[in-house]
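Participant: Residue numbers (this note's numbering), protein chains in the order written: chain A, 2 to 233; chain B, 108 to 221.
We put the CB at the ideal spot given by N, CA and C, even for glycine.
Computed from a prediction, not measured in an experiment: that's the story for all the values here.
There's a structure below that I have some questions on.
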């Protein structure tokens, strides 16, 4: 360190042990928060229930096993794939739905993605997990629309619309990678999912009363590598 | 590398564990329970340049260079991390999403003299 400046390594040796400890803890906090791009530690108002967290982690694991075992079907999503072992920092993000407005034929789910990461990561894959609870046998058509706020944030535009035919109770997945990536590239972080059923079955088929069957989005992301210009 | 013990003054690795519960961070960091924030400290006099933690051949090369370039002009070298690994975190972000990431080079495993 320049003459007279405080050198972190040697300066510590002259500090009293308690002061030294406080300095190190402050350094540890600052280091972790800066590497997570957090201005301060988050204040958790509603932590996810253990049941929902464990169910989500099990579903994600089961989904990976299914995909790995399915005979040669290439991944539909056109997102760049994760290349294990790359030195780039990777993220897995679990976003649980916040319930929005609902009618007898439709329900809105809101997903808020990670503000601090939005500008510095690229989404590799994102999958929406829904747990259907089918009231009666037969085929139940459901329309799923992905809505995202326009750049002004005043209106919402539809990013995609998918028709599903629900036949039995259980989990279903939908690839939302492209919608989430375009959300991030617009600097927005809120994805709204609208579920609509044909007849008046009540809130469409979702097991929204059950904590461990709460809808969620699982995303895999990678830190953006700074654009390198090579001069020869 | 060498772990600091007793009153050694030479370059070594000091262990320091930050318990997240003690600092009140256990509510937003789900895993792990703490962070091994080890750091390097100690002296690197001339004859220590290039060790420990680096290949002996490098040490010989450095010493030869110092001799060849007028040893008394050389200064002590620095005690720095020579081996580090990532810190894996599972945490809540400000929107209560759950994020898992490996922050590279956060844990010092070994120290040595440059």
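Using a Cβ-Cβ cut-off of less than 9 Å, give me the residues of the stretch 205–220 of chain B that come near chain A, in sequence order.
Facilitator: Listed in sequence order: 205, 206, 207, 208, 209, 210, 211 and 213.
Participant: Among all the DSSP beta bridges, which residues are the ones paired with residue 126 of chain B?
Facilitator: Here residue 126 of chain B is taken as the residue at index 19 of the second chain, counted from 1. Paired residue(s): B:141.
Participant: Give a yes or no on whether 9 Å exceeds the smallest Cβ distance from residue 203 of chain B to chain A.
Facilitator: Here residue 203 of chain B corresponds to residue number 96 of the second chain, with the count starting at 1. Yes, its Cβ sits closer than 9 Å to a Cβ of chain A.
Participant: Show which residues of chain A have a CB atom less than 8 Å away from the CB atom of residue 144 of chain B.
Facilitator: Against the second chain, residue 144 of chain B aligns to sequence position 37. 25, 28, 29 and 32, listed in chain order.
Participant: Looking at the C-beta of residue 200 of chain B, does it have a partner C-beta in chain A at a distance below 9 Å?
Facilitator: Your numbering for residue 200 of chain B matches position 93 in the second chain. Yes, residue 200 of chain B lies at the interface with chain A (some Cβ there is under 9 Å from its Cβ).
Participant: With DSSP as the reference, label residue 136 of chain B as helix, strand or coil.
Facilitator: Counted from its first residue, the second chain places residue 136 of chain B at position 29. In the structure shown, residue 136 of chain B sits in a strand (DSSP, three-state: E or B).
Participant: Answer yes or no: do residue 205 of chain B and residue 49 of chain A have a C-beta to C-beta separation smaller than 9 Å?
Facilitator: Residue mapping note: residue 205 of chain B aligns to position 98 of the second chain, counting from 1. Residue mapping note: residue 49 of chain A aligns to position 48 of the first chain, counting from 1. Yes, Cβ-Cβ distance for residue 205 of chain B and residue 49 of chain A is below 9 Å.
Participant: Is residue 63 of chain A buried or exposed, if buried means 16 or more other CB atoms sit within 10 Å of its CB?
Facilitator: In the first chain, residue 63 of chain A corresponds to position 62, counting from 1. So residue 63 of chain A ends up on the exposed side.
Participant: Go to residue 178 of chain A, then tell me how far its alpha helix (DSSP H) extends in each direction, as first and last residue.
Facilitator: By 1-based counting over the first chain, the position of residue 178 of chain A is 177. Here the alpha helix (DSSP H) through residue 178 of chain A covers 178–186.
Participant: From the DSSP output, in three-state form, read off residue 136 of chain A for me.
Facilitator: Translated into positions along the first chain, residue 136 of chain A becomes position 135. In this structure, residue 136 of chain A counts as coil in the three-state DSSP scheme.
Participant: When the Cα atoms are used, what is the spatial distance from residue 211 of chain B to residue 199 of chain B?
Facilitator: Your numbering for residue 211 of chain B matches position 104 in the second chain. Your numbering for residue 199 of chain B matches position 92 in the second chain. Cα-Cα distance, rounded: 19 Å.
Participant: Using a Cβ distance threshold of 8 Å, determine whether the stretch 133–145 of chain A contacts the stretch 157–167 of chain A, with at least three qualifying pairs required.
Facilitator: Touching, yes.
Participant: What do you get for residue 149 of chain B, buried or exposed, if any count of 16 or more other CB atoms within 10 angstroms of its CB means buried?
Facilitator: Taking the first residue of the second chain as 1, we reach residue 149 of chain B at position 42. Classification for residue 149 of chain B: buried.
Participant: Nearest CA to the CA of residue 187 of chain B: which residue from B:208, B:116, B:220 and B:128?
Facilitator: The sequence position of residue 187 of chain B within the second chain is 80, counting from 1. For the residues B:208, B:116, B:220 and B:128, the minimum Cα distance to residue 187 of chain B belongs to B:220.
Participant: Along the alpha helix (DSSP H) that carries residue 50 of chain A, what are the first and last residues, could you check?
Facilitator: Residue numbering aside, residue 50 of chain A sits at position 49 when the first chain is read from its first letter. No alpha helix (DSSP H) holds residue 50 of chain A; DSSP gives it neither H nor E.
Participant: Which residue's Cα is closest to the Cα of residue 194 of chain B: B:141, B:128, B:117 and B:120?
Facilitator: By one-based count along the second chain, residue 194 of chain B stands at place 87. Selected option, being the one with the closest Cα: B:141.
Participant: Exposed or buried, which one is residue 212 of chain A when buried takes at least 16 other CB atoms within 10 Å?
Facilitator: Counted from its first residue, the first chain places residue 212 of chain A at position 211. Its Cβ having fewer than 16 others within 10 Å, residue 212 of chain A is exposed.
Participant: Write down every uninterrupted run of the beta strand (DSSP E) in the stretch 102–146 of chain A whose length is 3 residues or greater and which is fully enclosed by it, in chain order.
Facilitator: Fully enclosed beta strand (DSSP E) runs of 3 or longer: 107–113 and 122–133.
Participant: Closest Cβ-Cβ distance between residue 92 of chain A and chain B: below 9 Å?
Facilitator: Residue mapping note: residue 92 of chain A aligns to position 91 of the first chain, counting from 1. Yes - at least one Cβ of chain B is within 9 Å of the one on residue 92 of chain A.
Participant: Between the beta-carbon of residue 52 of chain A and the beta-carbon of residue 119 of chain A, is there less than 9 Å?
Facilitator: Taking the first residue of the first chain as position 1, residue 52 of chain A is located at position 51. Taking the first residue of the first chain as position 1, residue 119 of chain A is located at position 118. No. Outside cutoff.
Participant: Check the C-beta distance from residue 193 of chain A over to residue 133 of chain A and give it rounded, since I have them as a contact under 8 Å.
Facilitator: By one-based count along the first chain, residue 193 of chain A stands at place 192. By one-based count along the first chain, residue 133 of chain A stands at place 132. Residue 193 of chain A to residue 133 of chain A, Cβ: 19 Å. No contact.
Participant: Going along the chain, which residues of its own chain have a beta-carbon closer than 6 Å to the beta-carbon of residue 57 of chain A, five neighbours each way excluded?
Facilitator: Taking the first chain and counting its residues from 1, one reaches residue 57 of chain A at position 56. Closer than 6 Å at the Cβ level, and outside the excluded window around residue 57 of chain A, lie 95 and 217.
Participant: Identify the continuous alpha helix (DSSP H) that holds residue 21 of chain A and give its terminal residues.
Facilitator: Position 20 of the first chain, counting from 1, holds the residue named residue 21 of chain A. Unbroken alpha helix (DSSP H) run through residue 21 of chain A: 18–36.
Participant: With 9 Å as the C-beta to C-beta threshold (strictly closer), list the residues of the stretch 117–136 of chain B near chain E in chain order.
Facilitator: Among the chains of the structure shown, chain E does not appear; the protein chains present are A and B.
Participant: Just the C-alpha distance for residue 128 of chain A and residue 90 of chain A, rounded to the nearest angstrom, thanks.
Facilitator: As a first step, residue 128 of chain A must be located in the first chain, where it is residue number 127. As a first step, residue 90 of chain A must be located in the first chain, where it is residue number 89. Rounded to whole angstroms, residue 128 of chain A to residue 90 of chain A spans 20 Å at the Cα level.
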